[in-house]
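Working notes for the structure below.
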Amino acid sequence: GIADLEPVVSDSLLALIGLIAADPRTDKIDVGVGVFRDGAGTTPIPASVKEAERRLVANQETKAYLGGWGDRGFTAALRPIVLGGHAGDARIAGVQTPGGCGALFLATRLIKLARPEARVLVGTPTWPNHPPLLKGAGLETVEYRHYDFEARRIDFEALRRAAEQANVGDVLLLHGCCHNPTGADLGEEQWREVAAIASERRLTPLIDLAYQGFGRGLDEDAYGVRVMLDACDEVLIAQSCDKNFGVYRDRVGSMWLKTGSEQATANAMAHVLQIAREAWSMPPDHGAATARIVLEDSGLRQQWLGEVAAMRDRINAVRRRIADSDPRLAYIANEFGMFSMMPLSKAQVVGLREKHGIYMADSGRFNVVGMADADIDRFCAAVVEALDG
Ligand code: PMP
């Protein structure tokens, strides 16, 4: 019965939040958390988003149901940002979702419905919520090594081999940009190579695009999405606006599907809407309506593009500072997005917590922009001390 359920094995990142809260030191550094922080160490609401929210609250006349697609203006405005030159392809449809998680939920359930035998190829390590999401959908997974911890770069051979050995109809789960937790992204040539294999072996890419704009640029970060759309007839994209609009708790995202025909896409999307109906019925409106207002107003849109660029610039500037602090950390400048992994053992990670109040995940994953500018030197010195010790 319910009273007899086994305790949940808690996500070690959630346990970390408890440890940080319990630490009375005032100079602790939290690089465990997964949100962007600015130079002052805060996670502000972008000014463009704040202004759009003001307009939304002032002008909204009803909160009557919108239906399962959510805000159609939101997905229409997002379409060229995600799809680029493929925006006009009528075989691609998108639906608003509660964040990237909601999009992954729909994509994985759709795969299970359409091809229950399909296996999902997952590079390790990956975002810790990927495996439970796939398991929850009842999909079998095949793991390969995404990251070479010795060389501190992507293990592209392992990805190539896994893709070449996959069955027709298997799914390739790929991080579109800013890989979480390693920061090790595919290069453009590597994307083209994987796309060619996916096309030849008729694999379905499922691209998790949670940090568009945080790596190289808004368009540059969608390179993999665009190449897969060039090469493959069947593509799934799980997109999140939670980070690039700074609206994490408002749950804003979208799921995109391409099939070989407009009619097949329409039919599949009817199933997707049924899956959503059973889970959340309709996506929450506020954050998506806010993002729509930003994107539809040329002034707010320009402002938002600048704010995304500022977030990206801080990420890359802090990366360079950490990389410059010690040759053993130089690889961090070649990685992208908010996360990379420190070459530290769990004992060294725990030592940083106890001695310096620096909190990162047991794995050594840390948020590059978790610390304020004023804390960067102290952070680097403590990590280098741990590496030497
Ligand atoms: N995919 C990856 C790789 C992520 O890191 C995250 C958020 N941590 C998500 C998806 C989900 O984001 P959201 O909060 O929009 O559900």
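Residues in the sequence shown are numbered consecutively from 9, following full-length UniProt numbering. Just so you know, even glycine gets a beta-carbon here, dropped at the ideal spot from N, CA and C.
Inset, instruction - Alpha carbon to alpha carbon, how far is residue 96 from residue 270? Give it in angstroms, no decimals. - result: In the sequence shown, residue 270 corresponds to position 262, counting from 1. In the sequence shown, residue 96 corresponds to position 88, counting from 1. Cα-Cα distance, rounded: 12 Å.
Legend entry - Residues near residue 2 in its chain [Cβ-Cβ closer than 7 Å; skip 5 each side]: For the chain, the structure presents residues 9 to 397; residue 2 sits outside this window and is missing.
Inset, instruction - For my contact list, residue 327 and residue 343 are in at a C-beta cut-off of 8 Å; report their separation, rounded to the angstrom. - result: Residue numbering aside, residue 327 sits at position 319 when the sequence shown is read from its first letter. Residue numbering aside, residue 343 sits at position 335 when the sequence shown is read from its first letter. Contact annotation, residue 327 with residue 343: C-beta distance approximately 7 Å; criterion of less than 8 Å satisfied.
Legend entry - From 212, 283, 180 and 296, residue whose alpha carbon lies closest to that of residue 268: Locating residue 268 in the sequence shown gives position 260, where the first residue counts as 1. Comparing Cα positions, the closest option is 212.
Inset, instruction - Taking 8 Å as the cut-off, decide whether the C-beta atoms of residue 98 and residue 120 are in contact. - result: Position 90 of the sequence shown holds residue 98. Position 112 of the sequence shown holds residue 120. Contact flag unset, no.
Inset, instruction - List the whole-angstrom C-beta distance separating residue 88 from residue 253, where the pair is believed to meet the contact cut-off of C-beta under 8 Å. - result: In the sequence shown, residue 88 corresponds to position 80, counting from 1. In the sequence shown, residue 253 corresponds to position 245, counting from 1. In this structure residue 88 is not in contact with residue 253, their Cβ atoms being roughly 16 Å apart against a cut-off of 8 Å.
Inset, instruction - Excluding the 5 residues preceding and the 5 following residue 283 in the sequence, name in chain order all residues of the same chain whose CB lies nearer than 6 Å to its CB. - result: To locate residue 283, count along the sequence shown from 1; it is residue 275. These residues qualify, in order along the chain: 114 and 117.
Inset, instruction - Please find out if some non-hydrogen atom of ligand 1 comes closer than 7 Å to the beta-carbon of residue 264. - result: For the purposes of this step, residue 264 is taken as the residue at position 256 of the sequence shown. No, since every heavy atom of ligand 1 falls outside the 7 Å radius drawn around the Cβ of residue 264.
Inset, instruction - Check whether the Cβ atoms of residue 250 and residue 292 lie closer than 8 Å to each other. - result: As a first step, residue 250 is located in the sequence shown; it is residue number 242 there, counting from the start. As a first step, residue 292 is located in the sequence shown; it is residue number 284 there, counting from the start. No; because the gap between Cβ atoms is not below 8 Å, this pair is not in contact.
Legend entry - Which residues DSSP lists as bridging residue 1, in chain order: In the structure as shown, the chain begins at 9 and stops at 397. Residue 1 is therefore absent and cannot be evaluated.
Inset, instruction - Look up residue 356 in the DSSP assignment and say whether it is helix, strand or coil. - result: Numbered from 1 along the sequence shown, position 348 holds the residue referred to as residue 356. In this structure, residue 356 counts as helix in the three-state DSSP scheme.
Inset, instruction - Using a threshold of 8 Å, state whether the C-beta atoms of residue 39 and residue 255 are closer than that. - result: The sequence position of residue 39 within the sequence shown is 31, counting from 1. The sequence position of residue 255 within the sequence shown is 247, counting from 1. Not a contact, by the Cβ cut-off of 8 Å.
Inset, instruction - Taking only heavy atoms of ligand 1 into account, decide whether any of them is closer than 7 Å to the Cβ of residue 98. - result: By 1-based counting over the sequence shown, the position of residue 98 is 90. Checking the Cβ of residue 98 against ligand 1 gives no.
Legend entry - Alpha-carbon spacing of residue 224 relative to residue 395, whole angstroms: Against the sequence shown, residue 224 aligns to sequence position 216. Against the sequence shown, residue 395 aligns to sequence position 387. If you draw a straight line from the Cα of residue 224 to the Cα of residue 395, it comes to about 29 Å.
Legend entry - Segment contact flag, the region 330-345 with the region 201-215, C-beta cutoff 8 Å, min 3 pairs: Touching, no, given that fewer than three Cβ pairs across the two stretches are closer than 8 Å.
Inset, instruction - Could you tell me if the beta carbon of residue 382 falls within a distance shorter than 7 Å of some heavy atom in ligand 3? - result: Ligand 3 is absent from the structure shown, which contains only ligand 1.
Legend entry - Closest Cα partner of residue 375 within the set 32, 105, 222 and 182: Against the sequence shown, residue 375 aligns to sequence position 367. Taking the Cα of residue 375 as reference, the smallest distance to any Cα among 32, 105, 222 and 182 is reached at 222.
Inset, instruction - Tell me the start and end of each unbroken alpha helix (DSSP H) in the region 296-344 that is at least 4 residues and wholly inside, in chain order. - result: Runs found: 306-332.
Inset, instruction - Out of 155, 130 and 152, point me to the one whose CA is closest to residue 143's CA. - result: As a first step, residue 143 is located in the sequence shown; it is residue number 135 there, counting from the start. Comparing Cα-Cα distances from residue 143 to each of 155, 130 and 152, the minimum goes to 130.
Legend entry - Cβ shell of residue 350 (< 7 Å), same chain only, five flanking positions each side left out: Within the sequence shown, residue 350 is the residue found at index 342, counting from 1. Around residue 350: 368, 372, 374 and 391.
Inset, instruction - Would you please state the rounded distance, in angstroms, between the beta carbons of residue 134 and residue 261? I believe it to be under 8 Å. - result: Reading the sequence shown from its first residue, position 126 is the one you call residue 134. Reading the sequence shown from its first residue, position 253 is the one you call residue 261. The beta-carbon distance between residue 134 and residue 261, rounded to whole angstroms, is 18 Å. This is too long to meet the 8 Å contact definition.
Inset, instruction - State yes or no: is the C-beta of residue 131 nearer than 7 Å to some heavy atom of ligand 1? - result: In the sequence shown, residue 131 corresponds to position 123, counting from 1. Not so, every heavy atom of ligand 1 lies at least 7 Å from the Cβ.
Legend entry - 8 Å Cβ cutoff met for residue 346 and residue 42: Taking the first residue of the sequence shown as position 1, residue 346 is located at position 338. Taking the first residue of the sequence shown as position 1, residue 42 is located at position 34. Cβ distance < 8 Å, so residue 346 and residue 42 count as in contact.
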